[in-house]
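S.K.:
Number of protein chains: 2
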Amino acid sequence: MSKQLVNIGLIGMGTVGAGVVEIFQTKYPLLEKKAGAGLRLKRICDKRFEKKQPEGIEKFSLLTTDITEVLNDRDIDIVVELIGGIEPARRIILAALDKGKHVVTANKAVLAYHGREIFETAKKCKRQVYFEASVCAGIPIIQAINEGLCVNQIDYLIAILNGTSNYVLTKMQEEKRELGEALKEAQEKGFAESAPALDLSGEDAVHKLSILSSLVFGKHVKLEEIHKEGIEMVEGLDLRFAKEEFGYVLKLLAILKTDRDSVELRVTPCFIRQDHPLAQVRNEYNAVYLRGNYVGDMMFYGKGAGSYPAASAVISDIIFLSRKVAQTIEEEIPYVQFSKNDLEMKEISSIESRYYFRFTTLDKPGVLAQIANILGVHDVSVASVSQKENIGLSEVPILMLTHKAREGNIRKALVEIDRLNVVKRKSVFYRVEDDKI
Amino acid sequence: MSKQLVNIGLIGMGTVGAGVVEIFQTKYPLLEKKAGAGLRLKRICDKRFEKKQPEGIEKFSLLTTDITEVLNDRDIDIVVELIGGIEPARRIILAALDKGKHVVTANKAVLAYHGREIFETAKKCKRQVYFEASVCAGIPIIQAINEGLCVNQIDYLIAILNGTSNYVLTKMQEEKRELGEALKEAQEKGFAESAPALDLSGEDAVHKLSILSSLVFGKHVKLEEIHKEGIEMVEGLDLRFAKEEFGYVLKLLAILKTDRDSVELRVTPCFIRQDHPLAQVRNEYNAVYLRGNYVGDMMFYGKGAGSYPAASAVISDIIFLSRKVAQTIEEEIPYVQFSKNDLEMKEISSIESRYYFRFTTLDKPGVLAQIANILGVHDVSVASVSQKENIGLSEVPILMLTHKAREGNIRKALVEIDRLNVVKRKSVFYRVEDDKI
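Those sequence lines, one after another, are chains A and B. The opening residue of the first sequence carries number 1 in this note's numbering; numbering runs sequentially from there. The opening residue of the second sequence carries number 1001 in this note's numbering; numbering runs sequentially from there.
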């Protein structure tokens, strides 16, 4: 027995919601064909409707400012949550599931913080939660990892998950701007929020990495255990030096690595080789580069934000779920499956990486020896050194690239180095993500 | 009511088949978890079993050399066709559908030539045909276009779909080899067949482009109408000149473009800018670069061939279908949907592109004027000219880059130019895929 009409309730008509409504209206016949059923956007809820109602939509959908009108509508099969943030999004999603509705969400924050509660509720209620738009917007990366690549063990994934930071870093790199300037341009062009802290601090990328990691390992991730560093303190100087001296470019990378029995997850600015596929990901674009044990290296590239790219993903989720509703599939296995235990992660001090250093020292004999000595004591082996021309006063930058070293040792060495009298400023370090060396 | 055990019959245990069997055995619990049902690889058929049976497999599966033992086994729910080529693959797929079995295939040729017959039979029999491995092996591009991006109108798609040609071109470009040499190395490393005609001629890429295009437009494609040129005649000279003079690299591109009312499909060697994401796709890798009206520009990159990458895609198809079998979904809409009419395509003479020319002329005054004059008469506007140093004898190469021009005009102009007394060799031309100019 199949259901001929699937009813949808949309909560939150901001940037993404407006895109969804527009696509719904203009692509209606295609959507029905793909879903194999009639689709009706029955109710749209947004508290801003109190002040101003959008035009032309009331012909197709009931508009409301009251969330319960959506949740309590027994016709509605699928609730689309697009208000973002933690609350009331979490309560809405849980209530919708509890009332027997499937859920589509684009909300990375609520999944990152409350994924366990949400997916356990979904399982209990025998309903599905789809969330393609929550990571990389229109790039179908959730489906790829969860379905197309599902038989692969993914033991390496590095990704550019935040368009704002990538835009800022691209401008800094290519147009030799400083961060403030590049950020201002990003804001003017609409690639950055007026309050960009979530983006620049790496927090937004951490949310997305936690979602991708939970899919890769089938385990929930404790958000607060993901090591996070942002790009707020990045200086143009290091971008120029690393490019000229070592052929590296800086990206804010979300990183997942596993070896035999441990998992490393972090979001940090990293240098990568300029011929790495991720180095070509410029401006507001996102990309996920991963390695599966069967498929080998693979990359997904595209726009990671914006009304239409995100709406495209939300609509594809609606279509998937509508097919299930239309066919009244009740007992299906969950879209995503998690084990009971949370993912165990390495502490940042025990990771291994290559490192880039910039030391600012007095321009006098013996300085390099003192630094090299401290690094040696802490088991940090230097791969390459470059002393740059004097940049004014009596200070001189010394650049270094290390072989693989343990982060705990790096940090201890830097504390000691920064205590040296000849070192004039806090030393700068970046991790170098270069698996070819 | 759900079915607890899904039975699978595998036909063809070559490179991909062996990968499928191995993954099936080693990842069995994961497969069952993903499918939500027990999976049994009940029968494996390969005519080579007459001479030699693989070891250790008979414990899990019945081995046979007789295809009808698979097709007539009423337990078998899904037939996996991995023998490749047109016949008997076509007959096997049709027979399997007719006997009520779903089909998974990695066979691009049979879908390219007989897609209409196969998908119409599937629809009539209410069975599904999945074919993720047929294009780009492990990259889930079929699912992405058919599902994740389904609401998008894709009006631009350029792709590197043949790993062998890309390997050969990469070696020619980067190591300054000639084609024969690069091909020999590709064969030694296992990236090229001993008989590589299908790869180098563009035929293999045409098959894959026809499959992608049929998904993009929801229409079947007449294979013989896709314009095809291979890389057999590519000379290292042009790769060097175009890189040095204009910053271009050569790729064998599968191209799909649409404007208001016409569609251009072709596989031709093309120059692209060295900073285009596809220019970074090196060696045996494949990539699909596309533009959706909602998602914008997107790229999928990975290994396009090989036992494990293809097997990864075959297994993901098996899992999808097993879920349907386990839930006894009978009336589902077809995985891919086509209109009745075939896709209408432009003739090659009416496409527009930019062009690269290499003329080999006598080194004397007035030559350039004669050539430029003929181009002008045929409405071909020159964007850039470079006359290279004399390469010996009295011949000299003249390089040209045109603005956008109509291919019919280009061809007429070249015929006239090659008739000039001052032109000593057949002129070389390549299309330039550069949408930024």
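The beta carbon of each residue, even a glycine, is placed where N, CA and C say it ideally should be.
Have a look at S1394(B) and D1363(B) and give me their C-alpha separation to the nearest angstrom.
M.R.: 6 Å
S.K.: Give the residues from the segment 294-309 of chain A that approach chain B closer than 8 Å (Cβ to any Cβ), ordered along the chain.
M.R.: Y294, V295, G296, D297, M298, M299, F300, Y301, G302, K303, G306, Y308 and P309
S.K.: Apply the 10 Å Cβ neighbour rule to K52(A) and answer buried if 16 or more other Cβ atoms are within range, or exposed otherwise.
M.R.: exposed
S.K.: Tell me the residue span of the beta strand (DSSP E) that contains H1102(B).
M.R.: Unbroken beta strand (DSSP E) run through H1102(B): H1102 to T1105.
S.K.: Taking the CB atoms as reference points, tell me whether G1292(B) and S312(A) lie closer together than 8 Å.
M.R.: It is a contact, given that the beta carbons lie within the stated cut-off.
S.K.: For chain A, find out if any of its Cβ atoms is closer than 8 Å to the Cβ of E1332(B); answer yes or no.
M.R.: yes
S.K.: If contact means a Cβ-Cβ distance below 8 Å, which residues of the segment 1147-1178 of chain B contact chain A?
M.R.: E1147, G1148, L1149, C1150, V1151 and N1152
S.K.: Strictly below 8 Å CB to CB, what residues from chain A border E1132(B)?
M.R.: G148
S.K.: Quick one: residues in its chain with C-beta nearer than 6 Å to the C-beta of T105(A), no 5 flanking neighbours on either side, listed in chain order?
M.R.: E81 and F131
S.K.: In terms of alpha-carbon separation, which member of I231(A), D297(A), G306(A) and G302(A) lies closest to A1305(B)?
M.R.: Of I231(A), D297(A), G306(A) and G302(A), the residue nearest in Cα terms is D297(A).
S.K.: Using a 10 Å radius around the Cβ and a threshold of 16 neighbouring Cβ atoms, would you call I1437(B) buried or exposed?
M.R.: Low per-residue confidence applies at I1437(B): pLDDT is 43, beneath 50, and the placement is therefore not dependable, though the value from the model is reported in the following sentence. The residue is exposed, with fewer than 16 neighbouring Cβ atoms inside 10 Å.
S.K.: Any beta carbon from chain A within less than 8 Å of L1030(B)'s own beta carbon?
M.R.: yes
S.K.: I need the DSSP call for F1300(B), collapsed to helix, strand or coil.
M.R.: strand
S.K.: DSSP on N1152(B), reduced to helix/strand/coil?
M.R.: coil
S.K.: Would you mind sorting K27(A) into buried or exposed? The rule is 16 or more other CB atoms within 10 Å of its CB.
M.R.: Label assigned to K27(A): buried.
S.K.: Using 8 Å as the Cβ pair cut-off and three pairs as the minimum, do the segment 193-210 of chain A and the segment 162-173 of chain A touch?
M.R.: yes
S.K.: Using a C-beta cutoff of 8 Å, does I315(A) count as contacting chain B?
M.R.: The beta carbon of I315(A) sits closer than 8 Å to some beta carbon of chain B.
S.K.: Are the Cβ atoms of G943(B) and P140(A) separated by less than 8 Å?
M.R.: Nothing about residue 943(B) can be read from this structure; chain B reaches only from 1001 to 1437.
S.K.: Please confirm whether G292(A) has its beta-carbon closer than 8 Å to some beta-carbon of chain B.
M.R.: yes
S.K.: Mind listing which residues of the segment 1266-1279 of chain B have their C-beta closer than 8 Å to chain A's C-betas, in chain order?
M.R.: D1275 and P1277
S.K.: Please report the Cβ distance between G408(A) and S349(A), rounded to the nearest whole angstrom; I am assuming they are in contact, meaning their Cβ atoms lie under 8 Å.
M.R.: 4 Å
S.K.: Got a sec: is the Cβ-Cβ distance from Q446(A) to anything in chain B below 8 Å?
M.R.: Outside the modelled stretch of chain A, which goes from 1 to 437, sits residue 446(A), for which no answer is possible.
S.K.: Name, going along the chain, the residues of the segment 1179-1200 of chain B whose beta-carbon falls closer than 9 Å to a beta-carbon of chain A.
M.R.: Within the segment 1179-1200 of chain B, no residue qualifies.
S.K.: Comparing alpha-carbon positions, which option in N286(A), D261(A) and I67(A) lies nearest K208(A)?
M.R.: N286(A)
S.K.: Just checking: is the beta-carbon of S1394(B) within a distance shorter than 8 Å of some beta-carbon in chain C?
M.R.: The chain labelled as chain C is not found among the protein chains of the depicted structure, namely A and B.
S.K.: Please report how far the alpha carbon of I231(A) lies from the alpha carbon of K251(A), in whole angstroms.
M.R.: 9 Å
S.K.: Which residues mark the beginning and the end of the beta strand (DSSP E) in which G38(A) is found?
M.R.: G38 to C45
S.K.: May I have the straight-line CA-CA distance separating E264(A) from L157(A), to the nearest angstrom?
M.R.: 10 Å
S.K.: Is it the case that the segment 115-128 of chain A contacts the segment 1108-1127 of chain B, given that we only count it when at least three CB pairs across the two stretches are under 8 Å?
M.R.: no
S.K.: Do R127(A) and L97(A) come within 8 Å of each other at the CB atom, strictly closer than that value?
M.R.: yes
S.K.: Quick test of your reading: K404(A) and H378(A), contact by CB under 8 Å. State the CB separation rounded to the nearest angstrom.
M.R.: Between H378(A) and K404(A) the Cβ distance is about 13 Å, and since that is not below 8 Å, they are no contact.
S.K.: Assign G1292(B) to one of three DSSP states: helix, strand, or coil.
M.R.: strand
S.K.: Smallest Cα separation from L215(A): which of K324(A), S339(A), G236(A) and M299(A)?
M.R.: With distances taken between Cα atoms, L215(A) lies closest to S339(A).
S.K.: Is DSSP giving Y1335(B) helix, strand or coil here?
M.R.: The DSSP-derived three-state label of Y1335(B) is coil.
S.K.: Note the first and the last residue of the continuous beta strand (DSSP E) segment covering S194(A).
M.R.: No beta strand (DSSP E) contains S194(A), which DSSP labels as neither H nor E.
S.K.: Closer than 8 Å is the cut-off here; do at least three beta carbon pairs connect the segment 1367-1382 of chain B with the segment 1317-1332 of chain B?
M.R.: no
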